[in-house]
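Engineer:
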Amino acid sequence: MPIDSDFQKNRKVVDEHNDHKVWGPVEPPTKLGIHGTNVAVDWDSCTGDGICAETCPVSLYDMVDTPGHPTSEKKSDPAREKECIQCLACESSCPTASIKITTT
Ligand code: SF4
Numbered sequence: 147m148p149i150d151s152d153f154q155k156n157r158k159v160v161d162e163h164n165d166h167k168v169w170g171p172v173e174p175p176t177k178l179g180i181h182g183t184n185v186a187v188d189w190d191s192c193t194g195d196g197i198c199a200e201t202c203p204v205s206l207y208d209m210v211d212t213p214g215h216p217t218s219e220k221k222s223d224p225a226r227e228k229e230c231i232q233c234l235a236c237e238s239s240c241p242t243a244s245i246k247i248t249t250t
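With the numbering used here as the guide, the letters of the sequence shown map in order to residues 147 to 250.
This is the structure we're talking about:
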C-alpha cells in the first residue's frame with residue numbers, strides 16, 4: 147500500500163527519531179509508522195531496497211535495521227530531513243510509493 151498522502155491529517159505524532167517526527171500507529175516490531183514530515187517514509191510499506199538513498203543528491207537517507215518487521219528488515223530513514231532540496235527524485239523512484247515529499 148502506498149503512503150497516505152494525507153497522513154498529517156489522518157495520523158498523530160507519537161515519537162521522535164533522529165531529529166524527525168514519527169507518525170503512528172506504532173507497535174514494534176511489526177508496525178513502525180511513518181518517519182519524517184516533509185520527507186516522509188512509510189516504514190510499513192518500505193521494502194528497504196535503498197533506491198531513495200542512492201538517488202538523493204544530498205544523501206539525507208540512512209538505512210536502518212528493523213528486525214522482525216514483516217515487509218523488510220531494513221528501512222530508509224530520513225535522518226537529515228531538513229537538507230531536502232525537494233527534487234522529488236526519491237518519491238518518483240520508490241517502487242512501493244512509500245515516500246511523500248511535502249513541498250513548502
Ligand atoms: S526530494 Fe530529493 S533531496 Fe529530498 S529527500 Fe528526495 S531525493 Fe533527497
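Where a beta carbon is used, it is the ideal one built from N, C-alpha and C, also for glycine.
Computed from a prediction, not measured in an experiment: that's the story for all the values here.
According to DSSP, which residues form a beta bridge with V160?
Structural biologist: The residue given as residue 160 occupies position 14 in the sequence shown. In DSSP, V160 forms no bridge with anything.
Engineer: Confirm the yes/no value for this check: CB of V187, any heavy atom of the ligand SF4, distance under 7 Å.
Structural biologist: Locating residue 187 in the sequence shown gives position 41, counting from the first residue. For the ligand SF4, not one heavy atom lies less than 7 Å from the Cβ of V187.
Engineer: Could you give the first and the last residue of the continuous alpha helix (DSSP H) run that contains S222?
Structural biologist: As a position in the sequence shown, residue 222 is number 76, starting the count at 1. Here S222 belongs to no alpha helix (DSSP H); instead the beta strand (DSSP E) covers 220-223.
Engineer: Any heavy atom of the ligand SF4 inside 7 Å of the beta-carbon of P203?
Structural biologist: Position 57 of the sequence shown, counting from 1, holds the residue named residue 203. Yes, since a heavy atom of the ligand SF4 falls inside the 7 Å radius drawn around the Cβ of P203.
Engineer: From S244 to C192, what does the alpha carbon distance come to, in whole angstroms?
Structural biologist: Reading the sequence shown from its first residue, position 98 is the one you call residue 244. Reading the sequence shown from its first residue, position 46 is the one you call residue 192. If you take the alpha carbons of S244 and C192, they lie about 6 Å apart.
Engineer: Comparing alpha-carbon positions, which option in V159, D165, D195 lies nearest I180?
Structural biologist: For the purposes of this step, residue 180 is taken as residue 34 along the sequence shown, with counting starting at 1. Taking only the C-alpha atoms, the option nearest I180 is V159.
Engineer: How close, in whole Å, do the beta carbons of I149 and A199 come, if the pair is a contact with beta carbons under 8 Å?
Structural biologist: Start at 1 with the first residue of the sequence shown, and residue 149 comes out as number 3. Start at 1 with the first residue of the sequence shown, and residue 199 comes out as number 53. Contact flag wrong, Cβ pair sits at about 17 Å.
Engineer: Would you mind working out which of V168, D208, T183 sits nearest K246, comparing C-alpha positions?
Structural biologist: Along the sequence shown, one-based indexing puts residue 246 at 100. When only C-alpha atoms are compared, the closest one is T183.
Engineer: So the candidates are P174, P241, S151; which of them puts its Cα closest to the Cα of D161?
Structural biologist: For the purposes of this step, residue 161 is taken as the residue at position 15 of the sequence shown. With distances taken between Cα atoms, D161 lies closest to P174.
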